[in-house]
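Position one of the sequence shown corresponds to residue 120 (the numbering used here), numbered consecutively onward.
See structure below.
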Amino acid sequence: MEHEQSTEQRISLLAVGHATSLTLAISFALCVGFDLLLPEHAMYGTWQKLLPGFEWISWKSF
120 MEHEQSTEQR ISLLAVGHAT SLTLAISFAL CVGFDLLLPE HAMYGTWQKL LPGFEWISWK
180 SF
């Protein structure tokens, strides 16, 4: 009977957190940039209808 060596590798929670955060930050920046460059195709009108209290980029929203 041979003993199989199991090599258990764990995924770093820190790496998953950083990758997820980076993905969300990049997608957010792309969405805002797209909305500012092409306002006729922007999604903010839809967000205003779907999300109560939603406000597009303004000083008040910060």
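In this text, a Cβ means the ideal position worked out from N, Cα and C, and glycines have one as well.
None of these values were measured; they are calculated from a predicted model.
Three-state secondary structure assigned by DSSP to Ser177
coil
For Pro158, collect the residues of the same chain with a Cβ closer than 8 Å to its Cβ; drop the 5 residues on either side in sequence, then sort them by chain order.
none
What is the residue span of the alpha helix (DSSP H) that Ser140 lies within?
Leu132 to Leu156
Gly164 - DSSP class collapsed to helix/strand/coil:
helix
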